[in-house]
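Report on the following structure.
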Amino acid sequence: MSHPSAPDDASQEASARLVALLAERSARRGDFTLASGRRSTLYVDARLTTMSPDGLALIGPTALAAIAREGWSVDAVGGLTLGADPVSYAIAYASALAGRPVRAFTVRKEAKQHGTGRLIEGPFRSGDRVVVVEDVITTGGSALRAVEAIRAAGGTVVGVLAVVDREEGGREAIEGAGLPVVALARAADIVARMPA
Ligand SMILES: O=P(O)(O)OC[C@H]1O[C@H](OP(=O)(O)OP(=O)(O)O)[C@H](O)[C@@H]1O
Ligand SMILES: O=C(O)c1cc(=O)[nH]c(=O)[nH]1
């Protein structure tokens with residue numbers, strides 16, 4: 001197994017900018033029901049960051065650098081729609097600019113009922129080495145659902161990359177399933193930067 005290298009100054013600066021964007025745009029206090037059915041007073045609407053121009057421009061290269069630091073050799077990235085999608089596409093775009101292309105794909109929540117009938121959309125290929133992408137990990141259930149779909153379609157999952165780890169057991173669940181996890185930001189750091 002490869003050992004991750006330490007982030008350099010540029011990566012640390014990119015991470016700090018990402019945390020600041022997420023704190024400013026995405027983090028909310030209130031009463032929320034989460035995908036798992038859990039309740040929370042914190043919600044990180046990562047889409048408000050991941051779908052914004054500066055968010056996309058920051059997340060693509062930052063995630064690509066994190067994948068390289070982990071030593072993951074990867075053909076394609078993708079995860080469960082919809083939160084994963086802008087993150088996966090930003091990584092693919094950044095990879096093209098960096099001259100080491102990584103394809104992106106989307107795992108649907110249900111297979112399409114017409115047309116191709118696909119569960120996985122985009123240029124995923126059986127035999128691909130894949131990093132599963134998430135915008136937010138809470139229980140890890142959505143990431144593991146994507147893992148299952150990718151394996152069933154002949155992919156090999158090498159790890160999971162999330163923009164935000166809420167640090168509520170999701171990392172442990174995914175690692176317990178035998179997969180390493182890397183997160184670009186932790187909920188605690190985002191909360192610490194939330195405007196008063
Ligand atoms: O780790 P988990 O407990 O699975 O929770 C995290 C998931 O919850 C959200 O998806 P959600 O299904 O709410 O919505 P989306 O369709 O907007 O991605 C988020 O995008 C993650 O995929
Ligand atoms: O667990 C979730 O559903 C969840 C939590 C969160 O902070 N943000 C989000 O988009 N989903």
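Sequential numbering from 1 applies to the sequence shown in the UniProt record's numbering. Where is the CB? At the ideal position from N, CA and C, for every residue including glycine.
For the putative contact between residue i and residue j, defined by C-beta atoms under 8 Å, what is the C-beta separation to the nearest angstrom?
| i | j | result |
| --- | --- | --- |
| residue 185 | residue 64 | With 8 Å as the limit, residue 185 and residue 64 do not qualify as a contact, their Cβ atoms being about 16 Å apart. |
| residue 103 | residue 92 | 6 Å |
| residue 22 | residue 190 | 5 Å |
| residue 143 | residue 167 | 14 Å between Cβ atoms; not a contact. |
Considering only their Cβ atoms, is the gap separating residue j from residue i smaller than 8 Å?
| i | j | result |
| --- | --- | --- |
| residue 156 | residue 133 | no |
| residue 216 | residue 46 | Absent from the structure is residue 216, since the part of the chain shown begins at 1 and ends at 196. |
| residue 135 | residue 87 | yes |
| residue 36 | residue 139 | yes |
| residue 174 | residue 107 | no |
| residue 14 | residue 62 | yes |
Tell me which same chain residues have a C-beta within less than 6 Å of the C-beta of residue i, skipping the five on either side of it?
| i | result |
| --- | --- |
| residue 25 | 48, 49 |
| residue 75 | 128, 129 |
| residue 90 | 56, 59, 60 |
| residue 27 | 44, 190, 194 |
Give me, in chain order, the residues of the same chain whose beta-carbon lies closer than 7 Å to that of residue i; leave out the 5 immediate sequence neighbours on both sides.
| i | result |
| --- | --- |
| residue 182 | 66, 70, 159, 161 |
Excluding the 5 residues flanking residue i on each side, which residues of the same chain have their C-beta closer than 8 Å to its C-beta?
| i | result |
| --- | --- |
| residue 101 | 92, 95 |
* Report yes or no: do the stretch 63-82 and the stretch 111-124 share at least 3 C-beta pairs separated by less than 8 Å? => Judged by Cβ distances under 8 Å, the stretch 63-82 makes contact with the stretch 111-124, as three or more pairs qualify.
* Asked: Residues with a Cβ closer than 5 Å to any heavy atom of ligand 2, in chain order?
  -> My final list is 34, 35, 43, 44, 136, 138.
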